[in-house]
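Engineer: Residue numbers (the numbering used here): 71 to 162. Where is the CB? At the ideal position from N, CA and C, for every residue including glycine. Structure in structure tokens, see below.
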């Protein structure tokens, strides 16, 4: 399997018009640090899994075109382009 970096043109395209929320509450061993949906309908969520996580910048986003991306606490990433293609990178 060939691993490819997700196409950055599929970014969540967040703008200053986000209606985001910050909250905490350890459901599932994490705290939601930021989330929201921008005026184009694209959603993002940033999570804090604590200092023991390999990747302290865990987040996911999903776009209205069906594409989505996960950056996981174990350092792995997953990208689905919304058209049947996906890539997984196990990280470190």
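Is the separation between the beta-carbon of residue 129 and that of residue 141 shorter than 7 Å?
Structural biologist: In the chain shown, counting from the first residue as 1, residue 129 sits at position 59. In the chain shown, counting from the first residue as 1, residue 141 sits at position 71. Cβ distance < 7 Å, so residue 129 and residue 141 count as in contact.
Engineer: Could you compute how far the alpha carbon of residue 116 sits from the alpha carbon of residue 137?
Structural biologist: As a working note, residue 116 is residue 46 in the chain shown. As a working note, residue 137 is residue 67 in the chain shown. Distance between the alpha carbons of residue 116 and residue 137: 17 Å.
Engineer: Please name the residue or residues paired with residue 106 in a DSSP beta bridge.
Structural biologist: The count along the chain shown starts at 1 and reaches residue 106 at position 36. Paired residues: 114.
Engineer: Pull up the distance between the alpha-carbon of residue 104 and that of residue 144, whole angstroms please.
Structural biologist: Stepping through the chain shown from its first residue, residue 104 is reached at position 34. Stepping through the chain shown from its first residue, residue 144 is reached at position 74. The straight-line gap from Cα to Cα measures roughly 19 Å.
Engineer: Would residue 133 be called buried (16 or more neighbouring beta carbons within 10 Å of its own) or exposed?
Structural biologist: Locating residue 133 in the chain shown gives position 63, counting from the first residue. So residue 133 ends up on the buried side.
Engineer: Does the Cβ-Cβ distance between residue 146 and residue 118 come in under 7 Å?
Structural biologist: For the purposes of this step, residue 146 is identified with residue 76 of the chain shown, where counting begins at 1. For the purposes of this step, residue 118 is identified with residue 48 of the chain shown, where counting begins at 1. Not closer than 7 Å, so no.
Engineer: Within 10 angstroms of its Cβ, does residue 158 collect 16 or more other Cβ (buried), or is it exposed?
Structural biologist: The residue you call residue 158 lines up with position 88 of the chain shown. So residue 158 counts as exposed.
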